[in-house]
Structure formats: C-alpha cells, structure tokens
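For the sequence shown, position 80 matches number 165 in my numbering, and the numbering has no gaps at all.
Quick reminder that beta carbons are idealized off the backbone N, C-alpha and C, glycines included.
A quick note: this is a predicted structure, and the numbers were derived from the prediction, not measured.
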Amino acid sequence: MAVESLDVITLKSIGKHTSTIIWLHGLGESRDGWTDIDLNLRKKFSSSKFIFPIAPIRNNGFYGNRELPSWFNVTCRENIGKIEDPKGLNESTLKN
C-alpha cells in the first residue's frame, strides 16, 4: 500500500537537544492555530525539539461530512471515544 507522507513542521530545540515532543492538533484544527503556544512551549522546554504533524484532509461525519483536517473519521457525537474508523486511524499512523 502506498502511503503519502504527512506535512510536518519541525522546530529545533533552542538549547542542547535532549528530548522531542510530538504535538497532534485536534479535529478540524491546523498547525496554524498553535503559533503562540509554540513560542511559549519552546521557551519552557528549550532542550526539546517540537514536531507538529498536520492531519490529512478527509470527510468527517461529525461535521456533516465536511472535508477538514482529521486523523480519522468521527461519524457522530455518540461514538466519540470509540475506534470507529480503524482504516483512517491506520492510514494516519502509517504515514512517515
């Protein structure tokens, strides 16, 4: 199965690199919404490298099948917390 790579923004550590933080955004959000947090987190965790992957655009039943960034499809409020889209979840975890 061919898998496309995720778009990823990487910020190097300010100080000596000793750890890496991977930050996943929420349903319908994008990396652009985290700019202020980026600056504050980098100051607080100056030895950490930050990786901000961007979820692929996919139809999402939670918002009436609108296309938006999401790691997998959440079809309705009643199913929140249940793995209901294993294919979509697997696609997101296989990307590199």
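With a 10 Å radius around the Cβ and a threshold of 16 neighbouring Cβ atoms, Asn-125 comes out exposed. In the DSSP assignment, Glu-152 falls within the beta strand (DSSP E) that extends over 151-154. Cβ-Cβ separation between Asp-92 and Ile-136: approximately 11 Å, too far for a contact (criterion under 8 Å). DSSP links Ser-133 through a beta bridge to Ser-104.
Residues Glu-152, Leu-153, Pro-154 of the same chain have their beta carbon placed closer than 7 Å to that of Ile-142, with the five preceding and five following residues left out of the count.
With a 10 Å radius around the Cβ and a threshold of 16 neighbouring Cβ atoms, Asn-150 comes out exposed. Here Asn-145 is buried: its Cβ has 16 or more other Cβ atoms, across all protein chains shown, within 10 Å. In the displayed model, Leu-109 falls within coil according to three-state DSSP, outside both helix and strand.
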